[in-house]
Structure formats: C-alpha cells, structure tokens
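Here is the structure we will look at.
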Amino acid sequence: MAEPNALSLYQKVELQRPLQRALDITIFLLLVALLGYRLLLVRTHGLCWLYAIAFLCESWFAFFWALTANLTWTPVHYQTYPQRLLKRVKELPRVDVFITTADPGLEPPIITINTVLSLLAVEYPANKLACYVSDDGCSPLTYYSLSEALKFAKIWVPFCKNYRVEVRAPFRYFSDDLSLAGSPEFQYEWRRMKDAYDALNQRIEDAAKSFTFSDLVGDLEDFAHTKPKNHSPIIKVIWENKEDIEDGLPHLIYVSREKRPNITHHNKAGAMNVLTRVSGLMTNAPYMMNLDCDMFVNNPDIILQAMCLFKDPIKGEYAFVQFPQCFYNGLQDDPFGNQWIITMQLTMRGMAGIQGPAYMGTGCIHRRKVLYGQSPNEANINEKYYDDELYKTFGNSKDFVTSATRVLRSVEDYPNCLADTIKATHEVATADYEHNSCWGSKVGWQYGSLVEDVLTGMLIHKKGWKSAYLTPTPPAFLGCAPSGGPIPLNHHKRATTGLLETLISRNSPIATALFDKLQFRQRMFYLWMYLTSVQAIPEICYALLPAFCLIANFHFLPKVQEPVICIPLLLFILFVLRQMLGYIETDQSIRAWWNNHRMDMIKSMCSCLLGVVAVLLKILGLSETTFEVTKKESASSSDDTESSDRDLGRFTFDESPMFVPITTIMMIQLAALSIGFLGTQPGRQEFGVGEVTCSVWLVLCFWPILKGMFAKGSYGLPWSTLFKSSALAFLFVYLCRMSTK
18 MAEPNALSLY QKVELQRPLQ RALDITIFLL LVALLGYRLL LVRTHGLCWL
68 YAIAFLCESW FAFFWALTAN LTWTPVHYQT YPQRLLKRVK ELPRVDVFIT
118 TADPGLEPPI ITINTVLSLL AVEYPANKLA CYVSDDGCSP LTYYSLSEAL
168 KFAKIWVPFC KNYRVEVRAP FRYFSDDLSL AGSPEFQYEW RRMKDAYDAL
218 NQRIEDAAKS FTFSDLVGDL EDFAHTKPKN HSPIIKVIWE NKEDIEDGLP
268 HLIYVSREKR PNITHHNKAG AMNVLTRVSG LMTNAPYMMN LDCDMFVNNP
318 DIILQAMCLF KDPIKGEYAF VQFPQCFYNG LQDDPFGNQW IITMQLTMRG
368 MAGIQGPAYM GTGCIHRRKV LYGQSPNEAN INEKYYDDEL YKTFGNSKDF
418 VTSATRVLRS VEDYPNCLAD TIKATHEVAT ADYEHNSCWG SKVGWQYGSL
468 VEDVLTGMLI HKKGWKSAYL TPTPPAFLGC APSGGPIPLN HHKRATTGLL
518 ETLISRNSPI ATALFDKLQF RQRMFYLWMY LTSVQAIPEI CYALLPAFCL
568 IANFHFLPKV QEPVICIPLL LFILFVLRQM LGYIETDQSI RAWWNNHRMD
618 MIKSMCSCLL GVVAVLLKIL GLSETTFEVT KKESASSSDD TESSDRDLGR
668 FTFDESPMFV PITTIMMIQL AALSIGFLGT QPGRQEFGVG EVTCSVWLVL
718 CFWPILKGMF AKGSYGLPWS TLFKSSALAF LFVYLCRMST K
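Residues in the sequence shown are numbered from 18 upward in steps of one, following the working numbering.
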C-alpha cells in the first residue's frame, strides 16, 4: 500500500455524459438546418422582413447554443483527502475570513451572528484563523450583536467540537429536534446551549427595538456621531487569541470603513479591498475566504478540504477554490427557480473542467498573492520593484507595502499584537486611500461593474491562473433562498446590468482576446455569461413573431403538411428532453424542470430587459446603475412565520416597471389567439399550427402573470402596470392590422 506522502491530496475525476453530448450536437445541427431552411425561403420567395427577423433570432439561438453546450462538455468532480493533508503538512497555513454586511434593516444582525458563530467553530486551528466582519452600514447594533455573540461563542465553540456537531449555525442546529438524541450529559449541554442562544437572540431583538443615542457609551461611543454614508473608519478588535492556542477562539475584528458623500465607495468591492488591507496589516494570512452574511458554514471541514487543493505539491497551483451556493429553505420543486441546482451541480462542474469556475462572490477561498496581482509561476519581487512600484500599486501606507511585500515573497509572519496595528489600519480604511493606486484595477477586487465578483475572477483567469470547484457532502455553506416575486427579479436585474457593463467595457473577453491567457473554451464560457444579459432581445422578438402572424395572417414557421415541419418539431422535443435530463441527473422532478424553465422565460422578459435598458441609459448619460442590497430573511423569523407561510409558492408583484414588458407580451398572445380562433384576421386562411403552439406555450410559461392580472393585493398586478401594458398591447395589435393594408 502506498505511503500517505506518496498519495495526492485530491483527485480530479472526469464525468462521462455521452447522451447529453449527443443531444447537444443534434440540437445544434437542427438549428443550422433551420437556418438553411430560412435561406432557402429567401431564395424562393425573396427577402421578407418577417423571415429576416426569424433568421437573425435563430442565428443568435444557434450561436448561443454552441456557447451553452461548451459549458457542460467536460464536467469534473474533485475528491479531497483531508486526512492525508494532516499527516503530510506539519503546520497548516493561516486563513483570514471576511464576512460582509451592509444594512442591518435588510440584513438583520442575527443572520450575521449565526454566520460568524458557524465560522468560529470550524475544524481548523483557532490560532490560524481570523474573522473580519465588514459593516458597511456602520451600525452600532451590528457591533453590539458581535460583542454579545462573542460571549456565547466561548461556550458554543467547545460544545460543537466536543460533540462533533455537524451544523454549527445555532439557529439551524436548534431547529432540529433530533439534536436531543444522545446521553443525559449531552442533553443537558444541549439545553444549556439552547437557553444561552435564545437569551442572545432576545438581547439582540430587544436592542434592535429600543436602541437610542443614549446607549452609545463605552465601546459604542465611536458610533455617536456617525451616519451610514458619512463617517470615519471604525476598527475594533472584539476578540484576540493572545495565547496563540489551537483550541481557543479565532480573532474577531469589526471593520467599518470610512465613507464620505463626495467619494465613491465602490459598494461591496470597495469593502472587500478595505478588508484585504486591514487584514494585511493585522494577520496577513496567505489565504482569504469571503462569505456573505447569510451564508453560514454547514460543513466544518471546508477549510481543510480547500487546503487539499492549495497544498498539493504537484497540482496545487490554484488561484481560488469556489464552493457552491446552496440553500436550506428551498420549496419543493423550486417554484421560483431560485435554488440554482442545475447551475451549481452541472454548469459549474463543467466550467471546472476547463480553466475553472467563475468567482461567485461568496463561499470562496483566495490566495492573497493572486489578488495582489501576482501571475502564475512569477518569481518573487526584487528590491528594485519594491522601491519603484509598490507604493504606486498598493498606496502610500509604508506598513501595508511592507506586509504586501511579505506576501509577494511568500514570507509568512505577522504582528503578535493586533492592538499595535490599529492606527495603521485606520489609514488604509480611509475613503481616499486608493487614490492614485492600482486598487480596483490591477490589485484586489475589481471596480467598474455591479458584478465585481465575476469581473475579479475573470481577470484572475486572464493572467493564466486556474480555479477549482469543490462540492463536498454535506454542502460547504447554506443560505436562505430569496422568496418569490420582485426580490429575485431585482437581484437578477442587478446581475444582468453588471454583466452587460463588463461586456461593453475594456475588460470584455472579446476586447482582450489577443493579449490575455484565457483558454479558448474559458473565453467561450465568459462570453456565454455576459451575453445572457442581452438574451432577452432576440427572445422577445421571437416571442412576438407568432402573435404577429396570427393577427396579420402570415406564417413564419413551416405548415403542417410541409416535410420541413419536422425540423422545428424535433428541435422543440429534443431541447425539452435535454433540459429534463439535467433535472433527472440532479435528482429533481419534472415539475422542477417546468418551474425553472418558466422562471427563466419570466426573468428574460422582466429583469434582463430592464437591465439592458439601464445600461443603455447609462451609456446615454441619462442615468447611473446602482447597487441594491437584497433583503435577507431573519434567522429567527418565528414572528413572521404565518405571513411567510401564506406567500409560499405564490408569485407577488409590486409597482416595478419590470412587469410591464411581460404583461404586455401576455396580453398580445391572448389577443393573437383570440383573433386566430375567432377568424377575424384579414384575408382569413387556415391559421398556422406552429404559430398557435408557440403562443399557447408562451401563455403557459407566463401563467403566473395571467393569474396576476386577475388577483388582488400583492398577488395581483398593479393597475398602473395593467394600464400601460394594455395600451402597448393595443398599439401592437393595431400596427399588425395596419401592416396588412
């Protein structure tokens, strides 16, 4: 038997999917055949604007399908061996963990607290960990909650490690009655922990209800004259592991960077760069993990598993290790299409088989030196580079430049006393520190897009780095899936806007094709990701074609008696089959496939279209894109259980203009079907079965919109949306009828 030192710390297993590959090729060939049919029509009947639009849309679909098939062509799975790592590595590397929160109203502190507690209890030496919490809302409530959570952590962390607790976020752990199984001693400790957590939760809830300026004394005095968007930097060491012991608690540091109304703060990317600099001065760990405040640690061994990839002496040169985003409260059959199971289990694994997955903004461990701009296999910096370039790159803090130099030279040391670094950390957390430096362009998290995570990961890949995708069991992190209605659509709109901003910027994978080190298929992946932002345009155009044909008595699809009808028919059947196979492969139901397909169509017609409009307005100088914080469900949402249960599985609406386009399209399809079946179109002939099928399919896909047209309250579409959509639908029908005269 081989010795542990002779064995790899991980395996990269290629997954074989021959049936899916065959379907991908067949669908692409059918799309090409459909384009050939269009060209033949032009040759036979001459150029017609209707056929031209159909040809352009179908050309786009063929091109986009080639990009889509590329994603899952060579999927891989990583298997790690932490026990081999522990036997081989004498001393584990240090890791700095960043948790970000921005608004205590939208992101209740109890959510952040649970994420922090789950992190402090991971199976990793406490003296090798440091937890930094970024509070972009500069909230005394957040700081107070962290201080109170520390008291609970002193008993919670030993409890988790003594009894090998799997789920170490208290609100999830205590929601399971099976936790009471075990010895009398364990049951006693369990009840003691639950009582302590309930008391902590109550103190935080009471503080949230009654917090006043008179409470800002002692440690909270620094918050007395602050506003969320106008304050000096506040950095506090809540807990320091001064004894440097493995079984203690990791460092816990609160960070609220300076904000001023007249200085751009670059949203989450700016907060991450401040955390990078502050941690660089305090602990300067060679690895950095970042989490959103609502993504708690669900697998206590995750850092060890990631280190198996980083520390493998032969294959370990990864820039970052990305974990999937999974959710604990997903509804059965995913009615809102927001659980991302296909993306996490198929798409991301397919990307891992190329140059690596995209950086998703949370649940990721980075090499610090990579974010400092170092390329693969780059030699350590020399003194000349230190003297001439480092200050221009990293800013004017001598202490930080010194710490960055240690990282770039792979020197692992840091100050023993965190308090001694506080003054220097305030300097690098000021609002204007990055002026005339490379932060946000060549160093750290990248600016210039609402999707700073995707942009940052792409620029890392452009330097030639690879990334890895780990899918451990149980899942590494769990979060709360957004509810239905406007919240996930607004989130999708923000992502669409950011992706399109990047596509038309100097960082586009097209613009830099001749100068970067992106692999060809990795470039195809990023192109696919960015082009999803404009997918709405050809889809909307194609969705209006059958309605126009039914209203104006035209055809854009072959008639039933024509043999060529088999091309679109086979395309439809095989496309649906290909999608269903993915859901079967990931142990989901056919109903889940339908729900996700329906929501993909709704997102395209709602949030994608509005994202495109937002970018166009920005280009014209009429508006600026903004970063919107998504509302998180409270980890102790017992008070809202009744109202939440009423909303389960039901689509809700608001006054947002994003519902106008899809409501208009629904009304147009209903009008077209009515005209087609009633026979009121001019020059009545036999209506096209293909066109009717398309319109009926769209009505079924947009069924929640149809229900919203007749429902009341938050479940119904607002009257303003209905009036605007009715006017637009009437205008479309009128223009269709006029085109026949």
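Don't be surprised by glycine CBs; every beta carbon is placed ideally from N, CA and C.
- DSSP, reduced to helix, strand and coil, places residue 61 within a helical segment of the structure shown.
- Looking only at 184, 203, 489 and 503, the smallest Cα-Cα distance to residue 94 is reached by 489.
- With contacts defined as CB atoms closer than 9 Å, residue 676 and residue 561 fail to qualify as a contacting pair.
- At the C-beta level, residue 598 and residue 73 stay beyond 9 Å of one another.
- Nearest in C-alpha terms to residue 710, of all of 590, 627 and 634, is 590.
- Annotated three-state conformation of residue 273 is strand, per DSSP.
- Under the three-state reduction of DSSP, residue 194 is assigned to helix.
- In this structure residue 350 is not in contact with residue 105, their Cβ atoms being roughly 45 Å apart against a cut-off of 8 Å.
- Your pair residue 112 and residue 314 does not check out as a contact, with CB atoms roughly 12 Å apart and the cut at 8 Å.
- When secondary structure is reduced to three states using DSSP, residue 384 falls in the strand class.
- For residue 713, the enclosing alpha helix (DSSP H) starts and ends at 706 to 718.
- In the three-state scheme derived from DSSP, where H, G and I count as helix and E and B as strand, residue 123 is classed as coil.
- Here the alpha carbon of residue 248 sits roughly 20 Å from the alpha carbon of residue 124.
- DSSP, reduced to helix, strand and coil, places residue 484 within a strand of the structure shown.
- In this structure, residue 467 sits near residue 515, with a CB-CB distance shorter than 9 Å.
- Excluding sequence positions up to five before and after residue 454, its CB lies within less than 6 Å of the CB of 412, all in the same chain and listed in chain order.
- Taking 4 residues as the shortest admissible run, the stretch 220 to 301 contains the following complete alpha helix (DSSP H) segments, listed from N- to C-terminal end: 284 to 299.
- In this structure residue 301 touches residue 424 by the C-beta definition: roughly 7 Å separates them, less than 8 Å.
- The three-state secondary structure of residue 306, taken from DSSP, is strand.
- Residues of the same chain with a CB within less than 6 Å of the CB of residue 541, apart from the 5 flanking positions on each side, are 84 and 87 in chain order.
- Our two residues, residue 486 and residue 375, have alpha carbons roughly 9 Å apart in a direct line.
- Using a 10 angstroms sphere on the CB of residue 42, the tally of other CB atoms stays under 16, which defines it as exposed.
- For residue 31, the uninterrupted beta strand (DSSP E) segment begins and ends at 27 to 31.
- Comparing alpha-carbon positions, the option among 171, 219 and 216 lying closest to residue 255 turns out to be 171.
- According to the DSSP assignment, residue 436 belongs to no beta strand (DSSP E), since it is labelled neither H nor E.
- Taking a contact to require three or more Cβ pairs closer than 8 Å, the stretch 573 to 593 and the stretch 49 to 67 qualify as touching.
- Under DSSP, residue 152 shares a beta bridge with 118.
- Shortest Cα-Cα distance from residue 635 to any of 518, 574 and 693 involves 518.
- Taking residue 499 as the centre and dropping the five residues before and after it, the same chain places the C-beta of 355 and 505 closer than 6 Å to its C-beta, in chain order.
- Contiguous alpha helix (DSSP H) elements confined to the stretch 38 to 96 occur at 66 to 88, taking only those with 4 or more residues.
- For the pair residue 493 and residue 283, the Cα-to-Cα distance works out to about 29 Å.
- For residue 343, the secondary structure class from DSSP, reduced to helix, strand or coil, is strand.
- With a cutoff of 9 Å on beta-carbon distance, residue 279 and residue 267 are scored as not near each other.
- Contact check for residue 37 against residue 91 fails: the beta carbons are separated by 9 Å or more.
- DSSP places residue 611 in the helix class (H, G or I) of the three-state scheme.
- Where residue 494 is concerned, the enclosing beta strand (DSSP E) starts and stops at 494 to 496.
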